[in-house]
Structure formats: structure tokens, C-alpha cells
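Okay, so the sequence shown: first residue is 0 according to numbering that gives the first Met the number 0, each after it adds one.
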Amino acid sequence: MILNDKTQSCNILGRVLLIPEDNKFIYNQRTQRIVLNKLFLNPLFTYFYLNSKGREGIIKNAQGNTQVYINWSAVSNLKIIFPTLEEQKKISELLKNFSLTHAQLKRKLNLIKTYKNRS
């Protein structure tokens, strides 16, 4: 799901959510739903890609001045070259593990800071 922002800041414009279960979501007019063909696209890889370099392409197609948004036609016309499905799976697993490690380290750092502040 791709989010629209409707603000000048574009803080969430083009951000992507990964919904792990089919038909377990509600979305509104400020989102664009993407349904992947899982024979060619790994959902986790697509999530990571569209939240990084792929987001640039989404933002480049933004419209409006005071309320910035992106139309579905602009999203559906993005030209993206993906690696093979096997490569996508390997890359997404690496990124997932990195994200988990990063989150664990952040939690530990916050615990250390909390402990230091109490001392």
C-alpha cells in the first residue's frame, strides 16, 4: 500500500506498508493499493525497495502545491527493473535480518541511556 500525504512536507508521501495477510486491511482515498504477482515479485523485497530508492520515483511524480499527492496512474507507470525472484528472496532476507539487528541495537542503546540517566 502506498501512502499519500496531502501536505506540503511530503513526510509520508510514497511510504509503503507491507500487509502480510490478504484481506486484513482497510484503506482510504489517500492510499494506493498494489497487488503483487508473487511469481515474479517478492513482497518483502518490493517493500524494502519502494521504501528506499523506489520512493524517489514515487516522489518525482508527485502533484499539487499545498496538498501534494500522487495518482494511481503515476504509480502504475513507474518503470522498475527487479532482480530475479531468487535474488529478491536473498536480498530481502538480508535486509530483514539487518533491520531486526538494527532494532535490537536501538533498544539496547535506549536501555543503556535510561540506565545512565538513573545513575
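Don't be surprised by glycine CBs; every beta carbon is placed ideally from N, CA and C.
Are the CB atoms of residue j and residue i within a distance shorter than 9 angstroms?
i    : j    : result
I58  : L12  : yes
L44  : I111 : According to the sequence shown, residue 44 is Phe rather than Leu. Contact: no.
Q103 : N41  : no
Q127 : A73  : In this structure the chain extends from 0 to 118, so residue 127 is not present and cannot be described.
N50  : R14  : yes
Would you please state the rounded distance, in angstroms, between the beta carbons of residue i and residue j? I believe it to be under 8 angstroms.
i   : j   : result
L94 : F47 : 5 angstroms
Q31 : W71 : 5 angstroms
For residue i, which of helix, strand or coil comes out of DSSP?
i    : result
T113 : helix
Tell me the DSSP bridge mates of residue i?
i   : result
Y68 : Q62
V74 : DSSP, once it has assigned bridges, lists no residue as partnering V74.
*asked:* I want to know whether the region 17-25 touches the region 79-87 - three or more CB-CB distances under 8 angstroms.
replied: no
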